[in-house]
Amino acid sequence: MQNQSQILNALSELNQYFKKSGLEGQILYRTEGSHLVRAGANQISLNSYEENEKFYFTLQKGKKITQFNLSLSVDRLSEIKQAIDRVAQTLSLLPELPFLRPWHKTEETLNSIEHLKDFSQKDSTLTDPLDSKPMVDFFKTIYDNYKNLKIETSGMFSAGHYAYALINTNSQTPLFFSGDDYHLEAVLQLLDQDKKEVKVTDVGQTLKDFNPDHIHQELLEHIELKSSAPSIDYNGKDHDLIFGKDALAAIIEFMCYMSFRGELYQENKGMLRKETHPLEGQIFGDNITITDDITSGDSLYQRPFGLNGMFRPPINLVDKGVLKNLYYTDKITCNRLGVNLFSDDRLASFCLKTGAGPSSFNALLEATSRPALYINNIHYMNFTNLNRGDFTATARFGAYLLKDGKVVGNPGRVRLNLSLFEILNKVEWLSNLGVHVNTSSSYDVRLASSIKVPKFMKVKLST
Amino acid sequence: MNQRDLGFKLIDKLKQLGADYVDLRYHLFDETESITTQNGELAKHQLSSQTGLGIRVLYKGGWGFSSGENPAQLEQLGLMALAQAKESARFRQFPVTLAAKDKVLGHFKSSPKIDPWESSLDSKIKRLLEVDALMQADFVDLRQIHTFFTKKNILFLDSLGSEIQKELLDVALSFYLYGLDQDKERQRRSFQLYHDTNSTLGLEALFNQKLESEALRIKNELHHILEAPACKQATCDVILMPEMMALQTHETIGHALELDRILGYELSYAGGSHVTLSDFGKLQFGSTKLNAWADGTTPNSPGSTGFDDDGVACKKMPLIEKGKLVGAITSSQMIMEANQKAKRTIFTESGGANRASSYNRFPIERMNNINIDPGEDGTLEEIIAQTSDGMILETPRSWSIGPNRENFHFATEIGWKIKNGKIDHVIKNPTYSGESLKFWHSLDKVGSDQSWQLQQVFNCGKGQPNQFMRLGHGVPICRFSDVEVGK
Chain B
1 MQNQSQILNA
11 LSELNQYFKK
21 SGLEGQILYR
31 TEGSHLVRAG
41 ANQISLNSYE
51 ENEKFYFTLQ
61 KGKKITQFNL
71 SLSVDRLSEI
81 KQAIDRVAQT
91 LSLLPELPFL
101 RPWHKTEETL
111 NSIEHLKDFS
121 QKDSTLTDPL
131 DSKPMVDFFK
141 TIYDNYKNLK
151 IETSGMFSAG
161 HYAYALINTN
171 SQTPLFFSGD
181 DYHLEAVLQL
191 LDQDKKEVKV
201 TDVGQTLKDF
211 NPDHIHQELL
221 EHIELKSSAP
231 SIDYNGKDHD
241 LIFGKDALAA
251 IIEFMCYMSF
261 RGELYQENKG
271 MLRKETHPLE
281 GQIFGDNITI
291 TDDITSGDSL
301 YQRPFGLNGM
311 FRPPINLVDK
321 GVLKNLYYTD
331 KITCNRLGVN
341 LFSDDRLASF
351 CLKTGAGPSS
361 FNALLEATSR
371 PALYINNIHY
381 MNFTNLNRGD
391 FTATARFGAY
401 LLKDGKVVGN
411 PGRVRLNLSL
421 FEILNKVEWL
431 SNLGVHVNTS
441 SSYDVRLASS
451 IKVPKFMKVK
461 LST
Chain L
1001 MNQRDLGFKL
1011 IDKLKQLGAD
1021 YVDLRYHLFD
1031 ETESITTQNG
1041 ELAKHQLSSQ
1051 TGLGIRVLYK
1061 GGWGFSSGEN
1071 PAQLEQLGLM
1081 ALAQAKESAR
1091 FRQFPVTLAA
1101 KDKVLGHFKS
1111 SPKIDPWESS
1121 LDSKIKRLLE
1131 VDALMQADFV
1141 DLRQIHTFFT
1151 KKNILFLDSL
1161 GSEIQKELLD
1171 VALSFYLYGL
1181 DQDKERQRRS
1191 FQLYHDTNST
1201 LGLEALFNQK
1211 LESEALRIKN
1221 ELHHILEAPA
1231 CKQATCDVIL
1241 MPEMMALQTH
1251 ETIGHALELD
1261 RILGYELSYA
1271 GGSHVTLSDF
1281 GKLQFGSTKL
1291 NAWADGTTPN
1301 SPGSTGFDDD
1311 GVACKKMPLI
1321 EKGKLVGAIT
1331 SSQMIMEANQ
1341 KAKRTIFTES
1351 GGANRASSYN
1361 RFPIERMNNI
1371 NIDPGEDGTL
1381 EEIIAQTSDG
1391 MILETPRSWS
1401 IGPNRENFHF
1411 ATEIGWKIKN
1421 GKIDHVIKNP
1431 TYSGESLKFW
1441 HSLDKVGSDQ
1451 SWQLQQVFNC
1461 GKGQPNQFMR
1471 LGHGVPICRF
1481 SDVEVGK
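Set out below in structure tokens:
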């Protein structure tokens, strides 16, 4: 992995090259070193290490603009400059975009963040390629622990380091951030119990946070729950719903993605639309508060500025059910819409605030007398009617029917057809314990992502 | 020494250090240009370029993989992959064995008439804006056109001495129109470019006159949607048009028949399959009208690449014959493991379907072109005339599939209600759902040759770390009976 000073020097040199070439624009650099061990069918199916360095250039000349991504090492500056020259030639062929505005100064971002403490935890073991033995051993131990149960072990253990840095031609000082993270999931399929599945997940900034004993304990709890109640067919009656942390995290994350992006909002393409959901309007119940606060422990990854160079202040997105703020991330789109850039939703660490509800599964059972469907995870969620917040998904890795303080059945295939507006206006309680859940995807360069949600959330749907 | 020679040198070294098999993929050239217009103006122009390499090592039945962009790190990456393979080998129930293959010296090249890299940017933008202008209307408040072109030059080397060069080209185009309906809900109507297997694959697709008629068509259809009633809950016949038929095939045949998924390797992420090894040769997957293939040779498709990333030539393999399950989407590794687990020979050869999205990803079973044969039930008009109570559905708007591909729920952009053999009216917000096997058993009409279209897909997601894959679906118009709609 390249070191910080090498990266910053390269950015400064390229910035000078831009100016010398008569160009305006931004240079963003991202890098990663990622390890991933994957298990399937009781064996290791993949053990990989990937290094990646990528530049994201925005080149502008007058009111003409283009974007260019280049995967090339930071120490190959002469080749990078040749690529810039080649792309710059296309600018003259493009039409003008008269709405373009000047670039935000990185010095303003630095002023905004200088008082902030650096909360990020660093793990030097992740900066260089690490020994994958503990990751392999994690899955091997699970298999050894449950061999007598006739199980199939699957999962994924990812750990790595990433950094991003940027500068633009309206600035002198590059910005730099680096971080570490790990996340894992372990899935067991119980082969002689109708192939029931259980899943446990974990996320953290450093491998010092990784506690395999805790994960093994959680797996055991789920296996006992799955094994103790009979399989039943779910009859789709009006039950209350209780979402576990992984299901809740998936729903809230997707909802936030489709709701709080200002560009979607302004173009009326999101779940929240300018034409129907004004700011300061009540959209959810008053027990719903959603934030993204880099100064608090509610954010696992406290990154002070975005990939667009904007400072990321603590944000209330929804406060007691009232829509308060949106993100505005993409400069070209925002310039076209005539709105100011604000934070960066790509680095959001959403937090759905806790309430006063139970914090353990046993306490939850004790508090549940009316029939309720408990959903541990959801699979393949998608919006069927975004205007109404209608979505569909299947419950996976554990749906339990609860009644009178007990687990009375394991429903098999459960398809959920619900409305987010209905659910988030009928929340009966939120757990008093908040939990971080991984939401990272690995489609582009590594960028850790997580959401903090109450461990459980109960929605009163029964009549 | 050039990259080829350096690659073979590294492979030899890793073999000397105990590797049983090694392969290496260099992306020597890998560029994408994308252009987006919005409401008659350029919204975004973007180029991306990446070059790099990925190394797979097999050691005593365990895989290791590493990748990077810096050719100077070649040896370091190779040694890392070997170390990882040694770790993997400690936890294997079935040591990885690859089906026998020959050394291959091969070359595959896409066949454009006009190479997008040799055409001016100005002409591309001008063309998009010409088409955009046709979609202008008072009831359309947002119109977007998005196009991208991808060109790759890939060199594959392996420890058998294989050397394969692939020069691949993709051309994609889509239009999106948005408007507000009478209930103040936002509606969308879109179009995805499809290619002609008898023609060529290149920028000429952008200048094809059919784009004009497609633009006018979706504008007209959006207008109807904005004034249409909502889809009501019912059970009726459903006719799927090509874009929707492609996704139906993709989700409930393609993904269900990926062999690695059947063997449980995707369980923690994308899910499993309701198909088991004992089903092959026995399971009646659908009606006798259903004939499906995994065809890596379909011309002018993103799913056709000449050779897969195991270095195996792409093939046309049967999946379903007269409704019976006979094959899967396979790779060199998985067929060996499947036959071993099943204790019989189900698969006699790799289907050449192991692919990675780029050099920085490990190849896994991916759909190439999952095609359905045309039938003998005539044109769309003829099938409509034989339908007393039904619905035509086109263009997916949302999709959700059960964890083992055993059930599904789709929403589409548009529907047309059929009554007594005629189209009666347009429907908005249509949805349909079902159990996969029951649905395929209800296939009762398959459109003839003229209804068959090759649809492109560029965003099929699978694997950890995640990979998007490019592929195709050649599908006819099909009718299914007694389907639940409107839920």
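Listed in order, the protein sequences are those of chains B and L.
Going by my numbering, the first sequence opens with residue 1, and the numbers climb by one from there.
Going by my numbering, the second sequence opens with residue 1001, and the numbers climb by one from there.
Each residue gets a CB set at the ideal place from its N, CA and C atoms; glycine is no exception.
For clarity, every value in this text was computed on a predicted model and none was experimentally measured.
Exercise. Grouping DSSP H, G and I as helix and E and B as strand, with all else coil, what is V1171(L)?
Worked result: The DSSP-derived three-state label of V1171(L) is strand.
For this session: Evaluate contact between the region 174-186 of chain B and the region 313-331 of chain B, counting only Cβ atoms and requiring at least three cross-stretch pairs below 8 Å.
Result: The region 174-186 of chain B vs the region 313-331 of chain B: no contact.
For this session: With F18(B) as the anchor, note down where its alpha helix (DSSP H) starts and where it stops.
Result: 4-20 is the extent of the alpha helix (DSSP H) around F18(B).
Problem set entry | Option in Q1144(L), D1020(L), M1367(L), Q1209(L) with minimal Cα separation from G1179(L) | Restricting attention to Q1144(L), D1020(L), M1367(L), Q1209(L), the CA atom closest to the CA of G1179(L) is found in Q1144(L).
Problem set entry | Helix, strand or coil at G1390(L) according to DSSP, with G and I counted as helix | Three-state DSSP puts G1390(L) in a strand.
Exercise. In angstroms, rounded to a whole number, what distance separates the CA positions of A1099(L) and S1358(L)?
Worked result: One C-alpha to the other measures close to 23 Å.
For this session: Can you tell me which of the three DSSP states H214(B) falls into?
Result: In this structure, H214(B) counts as helix in the three-state DSSP scheme.
Exercise. Tell me which same chain residues have a C-beta within less than 6 Å of the C-beta of S34(B), skipping the five on either side of it?
Worked result: So the qualifying residues of the chain are E50, G160, R446.
For this session: Compare the C-alpha of D1279(L) against each of F1410(L), I1414(L), K1324(L) and name the closest.
Result: For the residues F1410(L), I1414(L), K1324(L), the minimum Cα distance to D1279(L) belongs to K1324(L).
Problem set entry | First and last residue of the uninterrupted alpha helix (DSSP H) at V87(B) | Counting along the chain, V87(B) sits inside the alpha helix (DSSP H) bounded by residues 77-91.
For this session: Could you pull out every residue in the same chain whose Cβ sits closer than 7 Å to the Cβ of I80(B), ignoring the five residues on either side in sequence?
Result: Closer than 7 Å at the Cβ level, and outside the excluded window around I80(B), lie L14, F55, L70, L72.
Exercise. Given that a residue counts as buried once 16 or more other Cβ atoms are within 10 Å of its Cβ, and exposed if not, what is R1188(L)?
Worked result: Buried is the call here.
For this session: Work out the CA separation of L1393(L) and E1266(L) for me, nearest whole Å.
Result: If you take the alpha carbons of E1266(L) and L1393(L), they lie about 31 Å apart.
Problem set entry | Of the residues F305(B), N325(B), K61(B), I242(B), the one placed nearest Q282(B), counting alpha carbons only | Among F305(B), N325(B), K61(B), I242(B), the Cα nearest to that of Q282(B) is on N325(B).
Exercise. Under a Cβ-count criterion, where at least 16 other Cβ atoms within 10 Å of its own Cβ denotes burial, should F350(B) be classed as buried or exposed?
Worked result: Buried, because 16 or more other Cβ atoms sit within 10 Å of the Cβ of F350(B).
Exercise. Given R1127(L), which residues of its chain have a CB within under 7 Å of its CB, disregarding the five upstream and five downstream residues?
Worked result: For R1127(L), where only same-chain residues beyond five positions count, the Cβ hits under 7 Å are L1206, F1207.
For this session: Measuring alpha carbon to alpha carbon, tell me which of T394(B), N168(B), K237(B), L219(B) ends up nearest G309(B).
Result: The candidate whose alpha carbon is nearest that of G309(B) is N168(B).
For this session: With 8 Å as the threshold, decide whether the Cβ of G331(B) is near any Cβ in chain L.
Result: Here residue 331(B) is Lys; the residue named in the question, Gly, does not match the sequence. Judged by the 8 Å Cβ criterion, K331(B) is not in contact with chain L.
Exercise. Would you call L307(B) buried or exposed, if buried means 16 or more other Cβ atoms sit within 10 Å of its Cβ?
Worked result: With 16 or more Cβ atoms within 10 Å of its Cβ, L307(B) is classed as buried.
Exercise. Which of the three DSSP states, helix, strand or coil, is assigned to M1317(L)?
Worked result: Secondary structure at M1317(L): strand, using DSSP grouped into helix, strand and coil.
For this session: From the DSSP output, in three-state form, read off S1331(L) for me.
Result: Reduced to three states, the DSSP call for S1331(L) is coil.
Problem set entry | Extent of the continuous beta strand (DSSP E) run through S48(B) | Its beta strand (DSSP E) spans residues 43-61.
For this session: For F1439(L), decide whether its Cβ has a neighbour in chain B, counting only Cβ atoms nearer than 8 Å.
Result: By this cut-off, F1439(L) is not an interface position.
For this session: With a 10 Å radius around its C-beta and 16 neighbouring C-beta atoms as the bar for buried, classify W1117(L) as buried or exposed.
Result: Per the 10 Å Cβ criterion, exposed.
Exercise. Would the C-beta of P1374(L) count as close to the ligand GTP, meaning under 7 Å from any of its heavy atoms?
Worked result: What this structure holds is no ligand at all, so the ligand GTP is not there to describe.
Problem set entry | I290(B) to Q1333(L) span [Cα, whole Å] | The alpha-carbon atoms of I290(B) and Q1333(L) are separated by roughly 47 Å.
Exercise. Is the Cβ of R396(B) closer than 8 Å to any Cβ of chain L?
Worked result: Look at R396(B): its C-beta is under 8 Å from a C-beta on chain L.
Problem set entry | Unbroken beta strand (DSSP E) run spanning H1409(L), endpoints | Per DSSP, H1409(L) belongs to the beta strand (DSSP E) from 1407-1419.
For this session: Might you give, ordered along the chain, the residues of its own chain that have their beta carbon closer than 7 Å to the beta carbon of S1110(L), omitting 5 neighbours on each side?
Result: Excluding five sequence positions before and after S1110(L), the CB atoms of its chain that fall closer than 7 Å to its own CB belong to E1167, L1168, L1169, L1201, given in chain order.
Exercise. Counting contacts by CB-CB distance shorter than 8 Å, is F68(B) in contact with chain L?
Worked result: Flagged as an interface residue toward chain L: F68(B), by a C-beta distance shorter than 8 Å.
Problem set entry | K458(B) classed as buried or exposed, judged by whether at least 16 other C-beta atoms fall within 10 angstroms | Flag for K458(B) reads buried.
Problem set entry | Cβ neighbours of I252(B) in the same chain (closer than 7 Å, five flanking residues each side left out) | Correct list, in chain order: F350, L352, I451, V453.
Exercise. Taking the C-alpha atoms as reference points, what is the distance between E1163(L) and T1032(L)?
Worked result: The straight-line gap from Cα to Cα measures roughly 25 Å.
Exercise. Quick one: which chain B residues come within Cβ less than 7 Å of D1122(L)?
Worked result: Those are L93, listed as they occur along chain B.
For this session: Determine, using beta carbons only, whether N1291(L) and D1373(L) come nearer to each other than 8 Å.
Result: Yes, the pair counts as a contact, with Cβ atoms nearer than the cut-off.
For this session: Under 8 Å by Cβ, that's how I've got R312(B) and I332(B) pegged, so tell me the actual separation to the nearest angstrom.
Result: Between R312(B) and I332(B) a beta carbon distance of about 20 Å is seen, past the 8 Å cut, so the two are scored as non-contacting.
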